[in-house]
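Our numbering puts the first residue of the sequence shown at 8, with every later residue one more than the last. Backbone N, C-alpha and C fix where the C-beta goes; we use that ideal spot for every residue, glycine too.
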Amino acid sequence: MEAAAAARQRARPRTPPAEEYDPWTAWLYKPRTISVLLVGACLLIWASGALDPEGAASHSSSTSIKRGVWAMIAVFLAYCTLQAPSTILIRPHPAFWRLVHGLAVVYLVALTFLLFQNRDDARRFMKHLSPDLGVELPERSYGADCRLYVPENPKNKFINIYETLFDEFVVAHVLGWWGKAVMIRNQALLWVLSIGFELMELTFRHMLPNFNECWWDSIILDILICNWFGIWAGMHTVRYFDGKTYEWVGLSRQPSIMGKVKRSLSQFTPAQWDKDQWQPFMGPLRFIQVLFLCVVFMMVELNTFFLKFCLWIPPRNPLVVYRLILWWLIAIPTIREYNSYLQDSKPVKKVGAFCWLSVAICIVELLICMKFGHEMILARAFS
């Protein structure tokens with residue numbers, strides 16, 4: 008009963024009442040909807056050329072369409088930031104997570120539009136987001152030469168190890184698993200995900216050259232070094248926040264300049280720390296629910312590689328980084344909502360908005376990979 012009550016308490020938006028705001032920062036939490044509406048209307052008048060039709064007519068149709076689409080997205084995000092329902096997270100500001108909610112909806116809608124195109128048109132559409140796209144790029148194979156020692160190389164006899172260690176994906180591995188550890192907060196579950204994804208790479212290595220890794224790269228570098236270090240650092244971060252006492256004092260009550268600086272920076276840390284209880288062996292239903300979380304996690308990671316392959320997006324393209332950052336921002340409230348959902352004992356309950364969006368985005372990404380990549384992937388699989 009206590010766990011269920013705590014879960015229901017976490018599921019409620021935690022915006023404090025107005026009287027609890029610090030006098031120095033209370034203005035940040037006052038609604039400014041009318042002011043923003045008027046400022047936004049002025050910006051639309053300026054950007055659209057509503058008062059200068061002749062100047063607006065000088066733009067080409069393509070430019071006008073692009074500007075209109077970006078303005079449409081900006082208006083929607085402004086509405087979400089001001090009027091969308093608050094989430095269970097309040098740091099650094101509730102409006103920030105409402106903005107993330109809006110970005111997730113925009114991403115889902117854009118994916119849905121992409122799903123209804125054919126493969127060639129989808130690749131041409133990507134050029135509007137990044138001009139260097141739309142060109143078929145060779146995938147790098149990490150398993151072409153698995154020798155640890157290369158005697159014929161005049162510069163470096165251990166060139167294979169050197170190139171693998173100093174690949175940009177090494178840092179991505181460590182940071183990614185640190186982020187997963189901070190979100191999931193369960194070491195056993197993290198190792199299931201770590202080993203499970205390596206098995207997924209082994210399963211699909213005949214489809215994607217990028218998954219063709221050497222045994223020492225997959226087992227030693229990925230699992231035992233990068234993933235382990237990321238999980239270790241992440242769990243230390245979890246224990247640090249778990250051991251803190253959360254008694255917040257307002258900015259105006261800080262006695263020194265350094266105290267005010269530290270309090271301002273601490274606004275980007277959690278207001279309180281939840282102790283997640285996944286308990287996968289509590290019963291068959293809970294096991295399936297936790298397994299579903301693992302499946303979605305691995306599917307999101309697999310979609311990263313298959314989307315790059317199907318849409319011809321090189322690994323160093325900024326769109327890859329933007330997608331990962333967006334997924335990270337979406338996953339933070341998603342994990343909180345899903346854990347609260349599992350611990351809630353009410354007979355009738357529903358998942359939160361971020362949980363719904365996460366599953367929907369994951370499904371549409373998968374459908375895009377299946378629609379645009381089935382011929383290429385099958386050709387590679389049976390070649």
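Query raised in the report: Would the beta-carbon of Val-181 fall within 9 Å of that of Phe-236?
Result: Here residue 181 refers to the residue found at position 174 of the sequence shown. Here residue 236 refers to the residue found at position 229 of the sequence shown. Yes; because the gap between Cβ atoms is below 9 Å, this pair is in contact.
Query raised in the report: Any idea if Leu-349 is buried or exposed, counting beta-carbon neighbours within 10 angstroms, 16 or more meaning buried?
Result: Indexing the sequence shown from 1 puts residue 349 at position 342. Leu-349 is buried by the Cβ-count criterion.
Query raised in the report: Taking the continuous alpha helix (DSSP H) assigned at Phe-313, which residues delimit it?
Result: Within the sequence shown, numbered from 1, the residue matching residue 313 stands at position 306. Where Phe-313 is concerned, the enclosing alpha helix (DSSP H) stretches over 291 to 318.
Query raised in the report: Distance, Cα to Cα, Phe-132 vs Val-366?
Result: For the purposes of this step, residue 132 is identified with residue 125 of the sequence shown, where counting begins at 1. For the purposes of this step, residue 366 is identified with residue 359 of the sequence shown, where counting begins at 1. Across the structure, Phe-132 and Val-366 are spaced so that their CA atoms are roughly 24 Å apart.
Query - Local conformation of Asp-351 per DSSP, three classes - result: Translated into positions along the sequence shown, residue 351 becomes position 344. Under the three-state reduction of DSSP output, Asp-351 falls in the coil class, being neither helix nor strand.
Report task. Could you give the DSSP three-state label for Glu-220: helix, strand or coil? Result -> Residue mapping note: residue 220 aligns to position 213 of the sequence shown, counting from 1. DSSP, read as helix, strand or coil, puts Glu-220 in coil.
Query raised in the report: In its own chain, which residues sit with a C-beta less than 8 Å from the C-beta of Leu-209, not counting the 5 before and 5 after it?
Result: Position 202 of the sequence shown, counted from the first residue, corresponds to residue 209. Taking C-beta separations shorter than 8 Å and ignoring five residues to either side along the sequence, the partners of Leu-209 in its chain run Phe-218 and Ser-225, following chain order.
Requested in this report: Measuring alpha carbon to alpha carbon, tell me which of Ile-264, Asp-281 and Asn-234 ends up nearest Tyr-247.
Outcome: What you label residue 247 is simply residue 240 of the sequence shown in a count that begins at 1. By alpha-carbon distance to Tyr-247, the top candidate from Ile-264, Asp-281 and Asn-234 is Asp-281.
Report task. Sort Gly-359, Trp-185, Cys-376 and Trp-285 by Cα distance to Met-242 and report the nearest one. Result -> For this step, residue 242 is matched to residue 235 along the sequence shown. Residue Trp-185 holds the alpha-carbon nearest to the alpha-carbon of Met-242 among Gly-359, Trp-185, Cys-376 and Trp-285.
Query - Nearest-angstrom Cα separation, counted from Met-190 out to Phe-288 - result: In the sequence shown, residue 288 corresponds to position 281, counting from 1. In the sequence shown, residue 190 corresponds to position 183, counting from 1. About 20 Å.
Requested in this report: Give the DSSP-derived three-state secondary structure of Met-133 in the structure shown.
Outcome: The sequence position of residue 133 within the sequence shown is 126, counting from 1. When secondary structure is reduced to three states using DSSP, Met-133 falls in the helix class.
Query - Start-to-end residues for the alpha helix (DSSP H) that takes in Leu-172 - result: Position 165 of the sequence shown holds residue 172. Here the alpha helix (DSSP H) through Leu-172 covers 166 to 172.
Query raised in the report: Is the beta carbon of Ile-80 less than 9 Å from the beta carbon of Val-113?
Result: Within the sequence shown, numbered from 1, the residue matching residue 80 stands at position 73. Within the sequence shown, numbered from 1, the residue matching residue 113 stands at position 106. Taking C-beta atoms as the reference points, Ile-80 and Val-113 count as a pair closer than 9 Å.
Report task. Excluding the 5 residues preceding and the 5 following Glu-26 in the sequence, name in chain order all residues of the same chain whose CB lies nearer than 7 Å to its CB. Result -> Taking the sequence shown and counting its residues from 1, one reaches residue 26 at position 19. For Glu-26, the pLDDT reaches just 44, beneath the cut-off of 50, and the residue's location in the model is therefore unreliable, although a value from the coordinates is still provided. Only residues of its own chain outside the window of five on either side were considered, and among them none has a CB closer than 7 Å to the CB of Glu-26.
Query raised in the report: How big is the Cα-Cα spacing for Met-8 and Arg-343?
Result: Stepping through the sequence shown from its first residue, residue 8 is reached at position 1. Stepping through the sequence shown from its first residue, residue 343 is reached at position 336. Below a pLDDT of 50, predicted positions are generally treated as unreliable, and Met-8, at 46, falls in that range; the measurement from the model is reported next regardless. About 19 Å.
Query - Under the three-state DSSP convention, the category Gln-90 falls into - result: Along the sequence shown, read from residue 1 onward, the residue named residue 90 stands at position 83. For Gln-90, the secondary structure class from DSSP, reduced to helix, strand or coil, is helix.
Query raised in the report: Heavy atom of the ligand HEM less than 8 Å from the Cβ of Asp-127, yes or no?
Result: This structure lacks the ligand HEM; in fact it carries no ligand of any kind.
**Report entry** Residues near Pro-24 in its chain [Cβ-Cβ closer than 8 Å; skip 5 each side]
**Finding:** Here residue 24 refers to the residue found at position 17 of the sequence shown. Because Pro-24 sits at a pLDDT of 48, beneath the cut-off of 50, its placement in the model cannot be relied upon, and the following sentence gives the value as read from the coordinates. No residues qualify anywhere along the chain.
Query raised in the report: From this set, Leu-155, Pro-325, Trp-335 and Val-82, which residue's C-alpha is nearest Thr-171's C-alpha?
Result: Numbered from 1 along the sequence shown, position 164 holds the residue referred to as residue 171. Comparing Cα positions, the closest option is Leu-155.
Report task. For Glu-372, collect the residues of the same chain with a Cβ closer than 7 Å to its Cβ; drop the 5 residues on either side in sequence, then sort them by chain order. Result -> Numbered from its first residue, the sequence shown carries residue 372 at position 365. Setting aside the 5 residues that flank it on each side, Glu-372 is surrounded in the same chain by Leu-118, Asn-310 and Leu-314, each with a C-beta closer than 7 Å to its C-beta; the list follows chain order.
Requested in this report: Classify Pro-99 as helix, strand or coil using the three-state DSSP reduction.
Outcome: Translated into positions along the sequence shown, residue 99 becomes position 92. Looking at Pro-99 - three-state DSSP - the assignment turns out to be coil, as it is neither helix nor strand.
**Report entry** Reference Leu-89; option with closest CA among Leu-96, Arg-105 and His-100
**Finding:** Taking the first residue of the sequence shown as 1, we reach residue 89 at position 82. The residue from Leu-96, Arg-105 and His-100 with its alpha-carbon nearest to that of Leu-89 is Arg-105.
Query - Complete runs of the alpha helix (DSSP H) confined to the region 50 to 75 [at least 4 residues] - result: As far as the region 50 to 75 is concerned, its whole alpha helix (DSSP H) runs of at least 4 residues are 60 to 64.
Report task. For Tyr-156, name the three-state secondary structure that DSSP assigns. Result -> By 1-based counting over the sequence shown, the position of residue 156 is 149. Assigned with DSSP and collapsed to three states, Tyr-156 falls in coil, not helix or strand.
Query - Beta-carbon proximity check, Asn-193 vs Asp-283, cutoff 9 Å - result: Within the sequence shown, the letter at position 186 stands for residue 193. Within the sequence shown, the letter at position 276 stands for residue 283. Yes, they are a contact pair.
Query - Distance, Pro-92 Cα to Pro-277 Cα - result: Here residue 277 refers to the residue found at position 270 when the sequence shown is read from its first residue. Here residue 92 refers to the residue found at position 85 when the sequence shown is read from its first residue. Approximately 20 Å, taken between the alpha carbons.
Query - C-beta atoms of Cys-233 and Val-199 nearer than 9 Å - result: For this step, residue 233 is matched to residue 226 along the sequence shown. For this step, residue 199 is matched to residue 192 along the sequence shown. It is not a contact, given that the beta carbons lie outside the stated cut-off.
Query - Beta-carbon proximity of Ala-78 to Val-43, cut-off 9 Å - result: Within the sequence shown, residue 78 is the residue found at index 71, counting from 1. Within the sequence shown, residue 43 is the residue found at index 36, counting from 1. The answer is no: Cβ separation not under 9 Å.
Query raised in the report: With burial defined as no fewer than 16 other Cβ atoms inside 10 Å of the residue's Cβ, what is the status of Asp-229: buried or exposed?
Result: For the purposes of this step, residue 229 is taken as residue 222 along the sequence shown, with counting starting at 1. Buried.
Report task. Would you tell me roughly how many angstroms separate the C-alpha atoms of Leu-45 and Arg-39, rounded to the nearest one? Result -> Residue mapping note: residue 45 aligns to position 38 of the sequence shown, counting from 1. Residue mapping note: residue 39 aligns to position 32 of the sequence shown, counting from 1. If I take the Cα positions, the gap works out to 10 Å.
Query - Contacting residues, own chain, Cβ-Cβ under 8 Å from Trp-319 (five flanking each side not counted) - result: For the purposes of this step, residue 319 is identified with residue 312 of the sequence shown, where counting begins at 1. Correct list, in chain order: Arg-130, Met-133, Leu-140, Gly-141, Val-142, Glu-143 and Leu-144.
**Report entry** Delimiting residues of the alpha helix (DSSP H) encompassing Ser-271
**Finding:** Within the sequence shown, residue 271 is the residue found at index 264, counting from 1. Looking at the DSSP string, the run of the alpha helix (DSSP H) that includes Ser-271 is 264 to 272.
Query - Sequence-distant residues of its chain with Cβ nearer than 8 Å to Asp-267 (five each side left out) - result: Mapped onto the sequence shown, residue 267 falls at position 260. A small correction: the amino acid at residue 267 is Lys; Asp does not occupy that position in the sequence shown. Cβ within range, chain order: Leu-258 and Gln-261.
Query raised in the report: Between Val-307 and the rest of its own chain, which residues show a CB-CB distance below 7 Å, the 5 nearest in sequence each way excluded?
Result: Within the sequence shown, the letter at position 300 stands for residue 307. Counting only Cβ-Cβ distances below 7 Å, and skipping sequence neighbours, we find Trp-334 and Cys-369.
Report task. Between the Cα of Leu-115 and those of Pro-138, Ile-337 and His-100, spot the shortest distance and give me the residue it belongs to. Result -> Working through the sequence shown from its first residue, we reach residue 115 at position 108. Comparing C-alpha distances from Leu-115 to each of Pro-138, Ile-337 and His-100 shows the shortest one belongs to Ile-337.
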